[in-house]
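A short write-up of the structure that comes next.
There are 2 protein chains.
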Amino acid sequence: MTSSLVIQPVMEPVIQPVMEPVHRSGALLDQLARRARLRAESELAPLGLRQRHLVALTVLRCSGGSTQQALSSTLMMDGTNIVGLLNELEAEQLIERRRSPQDRRRHVVELTAKGLERLGQAECALAVAENEVFGTLDDAQRETLYTLLLQAVNGEGSRAEALRE
Amino acid sequence: MTSSLVIQPVMEPVIQPVMEPVHRSGALLDQLARRARLRAESELAPLGLRQRHLVALTVLRCSGGSTQQALSSTLMMDGTNIVGLLNELEAEQLIERRRSPQDRRRHVVELTAKGLERLGQAECALAVAENEVFGTLDDAQRETLYTLLLQAVNGEGSRAEALRE
DNA sequence: TAAGTCGTTTGTGTAAGGCAATCCATTTAT
DNA sequence: ATAAATGGATTGCCTTACACAAACGACTTA
Numbered sequence: 001m002t003s004s005l006v007i008q009p010v011m012e013p014v015i016q017p018v019m020e021p022v023h024r025s026g027a028l029l030d031q032l033a034r035r036a037r038l039r040a041e042s043e044l045a046p047l048g049l050r051q052r053h054l055v056a057l058t059v060l061r062c063s064g065g066s067t068q069q070a071l072s073s074t075l076m077m078d079g080t081n082i083v084g085l086l087n088e089l090e091a092e093q094l095i096e097r098r099r100s101p102q103d104r105r106r107h108v109v110e111l112t113a114k115g116l117e118r119l120g121q122a123e124c125a126l127a128v129a130e131n132e133v134f135g136t137l138d139d140a141q142r143e144t145l146y147t148l149l150l151q152a153v154n155g156e157g158s159r160a161e162a163l164r165e
Numbered sequence: 166m167t168s169s170l171v172i173q174p175v176m177e178p179v180i181q182p183v184m185e186p187v188h189r190s191g192a193l194l195d196q197l198a199r200r201a202r203l204r205a206e207s208e209l210a211p212l213g214l215r216q217r218h219l220v221a222l223t224v225l226r227c228s229g230g231s232t233q234q235a236l237s238s239t240l241m242m243d244g245t246n247i248v249g250l251l252n253e254l255e256a257e258q259l260i261e262r263r264r265s266p267q268d269r270r271r272h273v274v275e276l277t278a279k280g281l282e283r284l285g286q287a288e289c290a291l292a293v294a295e296n297e298v299f300g301t302l303d304d305a306q307r308e309t310l311y312t313l314l315l316q317a318v319n320g321e322g323s324r325a326e327a328l329r330e
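Protein chains in written order, with our numbering: chain A, 1 to 165; chain B, 166 to 330.
Structure below.
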């Protein structure tokens, strides 16, 4: 008798198999990245690096050599800017451009020993900064965050590469 | 008799209680944020928004009203630029500046109903973009990523706020 | 009443980065 | 073999996002 106004939810939500998460991570991602970058730049300055360099070096270490086009695509940056970025890194002998034997128009960009070392120094110097930025995450959480970021980053990039090579 | 060269690892690694993770997330974070931003901007353009606006709106919704100083601190952006950003949002009536009753020098910035709605539309429009950017993450992973980002972002910001208020 | 504070406006400077044109070396197609 | 296409480099121009400084009005606090 008391049932006139109340609509019965009888198993109704079960119909939608997966509740699409409403959360958009973009804004958070942007903001956290901003904090990390601002904080990082001050640690990187003594090493003569900026974040953009670090990103490039990281990508290069991870991929173990890459053509400039590939870099342009994974960094999502215009080719001309890649040239400038690489020029800066090459001027400090952190990277090397070698002509590809297969196609001598191409440059294969690789980390030098010095570059690898510098990158290591940078990461070491960044420990402090990241401890502040990720202060509220414990080590396990930081690790899963790292894993997720890595997986997301590699996914996008490799789809384009898969088509190409 | 075959034991001369091999050093026994007998329980040795147990001595260091926690292996500090060598992974630096900064570069990955930066790059993923860049991808997300580039991808997002094209979806946001029809709504007359850019990512900076979205971040501000998101922060405002989350905090439910904030003083401009607080915004300046959580967004880590110069006060004068906050003014400009808010001017743009106010021009579209997405936010409102009210003078604080406690201290009439201060502006309390709040989302309007229209602002809340627009933010919702934006997030809805961003579903496609984020599906691409986070394509390799399943729903559960995206959710934990979101949670981690949220936790990290809130941590940093609230430390400063805790001191202030 | 004086000094400090919040927000606003204006103006200046810098760095990141896109886009287009031009050039060279090389490869591929005809 | 000659023409067309491609990878990269260089130059120049333009936009945007910021930071920073100075000056002002409104307000609060000492």
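Virtual Cβ for every residue (Gly too), placed ideally from N, Cα, C. Since we're looking at a predicted model, the values are computed, not measured.
If you follow the beta strand (DSSP E) that residue i is in, where does it begin and where does it stop?
i, result
"A:His-107", "107 to 111"
"A:Arg-172", "The shown model of chain A, from 1 to 165, leaves out residue 172 of chain A, and the question about it has no answer."
Determine the direct distance from the alpha carbon of residue j to that of residue i, and round the result to whole angstroms.
i, j, result
"A:Gln-8", "B:Val-220", "Since pLDDT at A:Gln-8 reaches only 37, below the 50 mark, its modelled position is unreliable, and the value read off the structure follows with that caveat. So the two alpha carbons sit approximately 39 Å from each other."
"A:Glu-130", "A:Pro-46", "17 Å"
"B:Arg-269", "B:Thr-232", "12 Å"
"B:Thr-301", "A:Ala-40", "28 Å"
"B:Glu-261", "B:Met-241", "21 Å"
"A:Arg-37", "B:Ser-238", "15 Å"
"A:Arg-24", "A:Gln-102", "43 Å"
"A:Thr-80", "B:Arg-264", "48 Å"
"B:Ala-317", "B:Ala-287", "23 Å"
"A:Leu-119", "B:Arg-271", "45 Å"
"B:Leu-315", "B:Arg-217", "17 Å"
"A:Arg-164", "B:Gln-234", "In this prediction, A:Arg-164 has a pLDDT of 38, which is less than 50 and means its spatial position is unreliable; what the coordinates show is noted afterwards. Straight-line Cα distance between these residues: approximately 49 Å."
"B:Tyr-311", "A:Lys-114", "37 Å"
"B:Glu-282", "B:Leu-291", "14 Å"
"A:Gly-157", "B:Gly-230", "In this prediction, A:Gly-157 scores a pLDDT of 49, lower than 50, which makes its location untrustworthy; no coordinate-derived value is stated."
"A:Gln-31", "B:Arg-199", "11 Å"
"A:Val-59", "B:Ser-207", "25 Å"
"B:Glu-308", "A:Val-22", "9 Å"
"A:Asn-87", "A:Val-109", "11 Å"
"B:Asp-304", "A:Ala-91", "44 Å"
"B:Asn-319", "B:Leu-313", "10 Å"
Which residues bound the alpha helix (DSSP H) around residue i?
i, result
"B:Leu-254", "244 to 256"
"A:Ala-45", "From DSSP, A:Ala-45 is part of no alpha helix (DSSP H); its letter is neither H nor E."
"B:His-188", "Segment: none, B:His-188 is in no alpha helix (DSSP H) and carries neither H nor E."
"B:Arg-269", "Counting along the chain, B:Arg-269 falls outside any alpha helix (DSSP H), and DSSP gives it neither H nor E."
"B:Leu-225", "216 to 228"
"A:Leu-71", "68 to 74"
Along chain A, which residues have their Cβ under 7 Å away from the Cβ of residue i?
i, result
"B:Ala-198", "Leu-29, Asp-30, Ala-33"
"B:Gln-258", "Residues of chain A passing the Cβ test: none, with the nearest at roughly 20 Å."
Which chain B residues are close to residue i, counting only those with a beta carbon under 9 Å from its beta carbon?
i, result
"A:Gly-84", "Chain B residues near A:Gly-84: none, gap ~17 Å exceeds 9 Å."
Quick check: is any heavy atom of the ligand SAM less than 7 Å from the C-beta of residue i?
i, result
"A:Leu-60", "In terms of ligand content, the structure shown is empty, and the ligand SAM therefore cannot be addressed."
What residues from chain A crowd round residue i, counting only those whose CB sits closer than 8 Å?
i, result
"B:Ser-190", "Ala-36, Glu-130, Phe-134, Arg-142, Leu-145, Tyr-146, Leu-149"
Which residues in chain B sit within 7 Å of residue i, going by Cβ to Cβ distance?
i, result
"A:Gly-155", "Gly-300, Thr-301"
Chain-ordered residues of the segment 292 to 310 of chain B with a beta carbon less than 8 Å from chain A = Along the segment 292 to 310 of chain B, going in chain order, the ones with a CB nearer than 8 Å to a CB of chain A are Ala-292, Ala-294, Glu-295, Glu-297, Val-298, Phe-299, Gly-300, Thr-301, Leu-302, Asp-304, Gln-306, Arg-307, Glu-308, Thr-309, Leu-310.
ask   = Using Cβ-Cβ distances below 7 Å, what residues of the segment 261 to 294 of chain B are close to chain A?
value = Cβ contacts with chain A come from Glu-288, Leu-291.
task = Name, going along the chain, the residues of the segment 36 to 70 of chain A whose beta-carbon falls closer than 7 Å to a beta-carbon of chain B.
result = Across the segment 36 to 70 of chain A, CB contacts with chain B closer than 7 Å involve Ala-36, Arg-37, Leu-38, Ala-40, Gln-51, Leu-54, Val-55, Thr-58, in sequence order along the chain.
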